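Here the sequence shown is numbered in the numbering used here, starting from 2 and rising by one per residue.
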Amino acid sequence: MWSTFSSASQQGFIKPQETSPGSGLSQNDKPRKIRTQTVVPVTIGHIHDTMNHTDAFKVGEMEINMVSIVGLVVSVEQKTTHIVYIVDDMTGPPINIQHWIDDSCNEADNDKRPMVENTYVQVHGSVKKMRDQLNIIVFKIKPIVDINHLTCHLLEVMHSRKMLEFQLKQMRFAKSEVGNDTAGNEMANVSAMEVDNVIEGVPEGLTKGQATIYKTVHGCQNASGCSVNWLREQLPSMNSALIGQALSFLCDEGHVYTTIDDNHFKVTMQNVSCPTNRSKIA
2 MWSTFSSASQ QGFIKPQETS PGSGLSQNDK PRKIRTQTVV PVTIGHIHDT MNHTDAFKVG
62 EMEINMVSIV GLVVSVEQKT THIVYIVDDM TGPPINIQHW IDDSCNEADN DKRPMVENTY
122 VQVHGSVKKM RDQLNIIVFK IKPIVDINHL TCHLLEVMHS RKMLEFQLKQ MRFAKSEVGN
182 DTAGNEMANV SAMEVDNVIE GVPEGLTKGQ ATIYKTVHGC QNASGCSVNW LREQLPSMNS
242 ALIGQALSFL CDEGHVYTTI DDNHFKVTMQ NVSCPTNRSK IA
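Shown next as structure tokens:
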């Protein structure tokens, strides 16, 4: 599920063995940072606890580039070039959220409109420490209208931590079995949920392949759901085994369900991040 690891290399892929000029040492002889390109659900308290001791935010030994938090907007300060929020999720001290607005880009009007105090929001962004103050630089911010999303986020926080720990163990085992180069390339080539998957209607925590299957099933207009054969026709670049594995995972996680038989599928809910009842926050 969470399977992309990079070593300070471009696009999350580990480069082949290289030699540093004048050093005589290959890049593979140097210690590598273990980093994930996924968006990881976390709590604000976890961010504070981790970054009190380091400038990089980590879950275990894994360095995290992008995080997702859910919390209450305590204050809003609108400036000329950006908006500063203070958000609190009750797990630790509140954190500053900086949302830079670029009027020249095609950002949706709803994304430019400030969030309102005393409302819950979900924030995707990168954690930065500036002058000993923690900030999240916003990639995306949106209001929470379904109270079940709060519980869903906490479950995702626990699940993502366990999955990252599991993937780290897998990577260490693979390296011990086949060596750093092969293991690194194998782990790096497994697609994971990247920033461009943070879109409406796709559950968080899916790999790129799983998200593709989910969106394809979601787009099927057949009243009986989409068949496995139809999926194969729509996704010729994916082999049957990967499609089957993705469908099995999505069924186990409750994102899709079977309809008239075991080979026809529909998504569980429309336009929500997780299957919940639509209770409104007052």
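Beta carbons: idealized from backbone N, C-alpha and C, even for Gly. Predicted model only: the values in this text are computed from it and were never measured.
Exercise. So which of Val75, Asn119, Lys80 and Lys216 has the shortest CA-CA distance to Pro94?
Worked result: For the purposes of this step, residue 94 is taken as residue 93 along the sequence shown, with counting starting at 1. Of the candidates Val75, Asn119, Lys80 and Lys216, the one whose C-alpha sits nearest the C-alpha of Pro94 is Val75.
Exercise. Between His150, Gln134 and Gly46, which lies nearest to Val122 when the distance is taken from Cα to Cα?
Worked result: Within the sequence shown, numbered from 1, the residue matching residue 122 stands at position 121. For Val122, the nearest C-alpha among the options comes from His150.
Exercise. Closest to Ser1 by CA distance: which of Phe58, Ile102 and Thr51 is it?
Worked result: Past the edges of the chain, shown from 2 to 283, lies residue 1, and the structure says nothing about it.
For this session: Below 6 Å CB to CB, which residues in the same chain sit around Leu26 once its five sequence neighbours on both sides are set aside?
Result: Reading the sequence shown from its first residue, position 25 is the one you call residue 26. Because Leu26 sits at a pLDDT of 42, beneath the cut-off of 50, its placement in the model cannot be relied upon, and the following sentence gives the value as read from the coordinates. Once the five neighbours on either side are set aside, Leu26 has no close Cβ partner at all.
For this session: Alpha carbon to alpha carbon, how far is Leu236 from Thr82? Give it in angstroms, no decimals.
Result: Position 81 of the sequence shown holds residue 82. Position 235 of the sequence shown holds residue 236. Taking the straight line from one Cα to the other gives about 42 Å.
For this session: On the DSSP bridge assignment, give the partners of Ser228 in chain order.
Result: Numbered from 1 along the sequence shown, position 227 holds the residue referred to as residue 228. BP columns for Ser228 point to His265.
Problem set entry | Span separating the alpha-carbon of Met52 from that of Ile70 | Along the sequence shown, read from residue 1 onward, the residue named residue 52 stands at position 51. Along the sequence shown, read from residue 1 onward, the residue named residue 70 stands at position 69. Across the structure, Met52 and Ile70 are spaced so that their CA atoms are roughly 16 Å apart.
Problem set entry | Paired residues, beta bridge with Val74 - DSSP | By one-based count along the sequence shown, residue 74 stands at place 73. In DSSP, Val74 forms a bridge with Val88.
For this session: In the DSSP assignment, find the beta strand (DSSP E) that holds Leu135 and state where it starts and stops.
Result: Against the sequence shown, residue 135 aligns to sequence position 134. First-last of the beta strand (DSSP E) with Leu135: Gln134 to Pro144.
For this session: Output the distance between the C-alpha atoms of Ser249 and Thr44, rounded to the nearest integer angstrom.
Result: In the sequence shown, the residue the question calls residue 249 occupies position 248. In the sequence shown, the residue the question calls residue 44 occupies position 43. Cα to Cα, Ser249 sits roughly 29 Å from Thr44.
Exercise. Do Val229 and Val257 have their C-beta atoms closer together than 8 Å?
Worked result: For the purposes of this step, residue 229 is identified with residue 228 of the sequence shown, where counting begins at 1. For the purposes of this step, residue 257 is identified with residue 256 of the sequence shown, where counting begins at 1. In this structure, Val229 keeps its C-beta atom at 8 Å or more from the C-beta atom of Val257.
Exercise. Roughly how many angstroms lie between the CA atoms of Phe266 and Ser238, to the nearest whole one?
Worked result: The sequence position of residue 266 within the sequence shown is 265, counting from 1. The sequence position of residue 238 within the sequence shown is 237, counting from 1. So the alpha carbons of these two residues sit roughly 20 Å apart.
For this session: Pick out whichever of Ile87, Gly46 and His125 has its Cα sitting closest to the Cα of Val68.
Result: As a working note, residue 68 is residue 67 in the sequence shown. Comparing Cα-Cα distances from Val68 to each of Ile87, Gly46 and His125, the minimum goes to His125.
Problem set entry | Paired residues, beta bridge with Met131 - DSSP | Taking the first residue of the sequence shown as position 1, residue 131 is located at position 130. Under DSSP, Met131 shares a beta bridge with Gln134.
For this session: Inspect the beta-carbon positions of Leu165 and Val60 and report whether they are closer than 8 Å.
Result: Taking the first residue of the sequence shown as position 1, residue 165 is located at position 164. Taking the first residue of the sequence shown as position 1, residue 60 is located at position 59. Yes. Within cutoff.
Problem set entry | Whole-number beta carbon distance between Asn97 and Ile84, since they are thought to touch under 8 Å | Your numbering for residue 84 matches position 83 in the sequence shown. Your numbering for residue 97 matches position 96 in the sequence shown. With a contact defined as Cβ atoms closer than 8 Å, Ile84 and Asn97 miss out at about 11 Å.
Exercise. For Ile261, which option in Trp231, Ala224, Leu243 and His160 has the closest C-alpha, if you only look at C-alpha atoms?
Worked result: Locating residue 261 in the sequence shown gives position 260, counting from the first residue. Of the residues Trp231, Ala224, Leu243 and His160, the one whose Cα lies closest to the Cα of Ile261 is Ala224.
Problem set entry | Buried or exposed by the 16-neighbour rule on C-beta atoms within 10 Å, applied to His47 | Translated into positions along the sequence shown, residue 47 becomes position 46. So His47 counts as buried.
For this session: May I ask which residues mark the beginning and end of the beta strand (DSSP E) holding His100?
Result: The residue you call residue 100 lines up with position 99 of the sequence shown. First-last of the beta strand (DSSP E) with His100: Ile96 to Trp101.
Exercise. Would you report the Cα separation of Ile214 and Ala247, rounded to the nearest angstrom?
Worked result: Counting from one through the sequence shown, the residue named residue 214 turns up at place 213. Counting from one through the sequence shown, the residue named residue 247 turns up at place 246. About 7 Å.
Exercise. Can the beta-carbon of Asp89 be found closer than 8 Å to that of Gly72?
Worked result: Residue numbering aside, residue 89 sits at position 88 when the sequence shown is read from its first letter. Residue numbering aside, residue 72 sits at position 71 when the sequence shown is read from its first letter. The criterion of a C-beta distance shorter than 8 Å is satisfied by Asp89 and Gly72.
Exercise. Count the other CB atoms within 10 Å of the CB of Gly23; is the residue buried (16 or more) or exposed (fewer)?
Worked result: What you label residue 23 is simply residue 22 of the sequence shown in a count that begins at 1. Per-residue confidence for Gly23 stands at a pLDDT of 42, beneath the threshold of 50, marking its modelled position as unreliable; the derived number appears in the next sentence. Counting the other CB atoms within 10 Å of its CB gives Gly23 a total below 16, which places it among the exposed residues.
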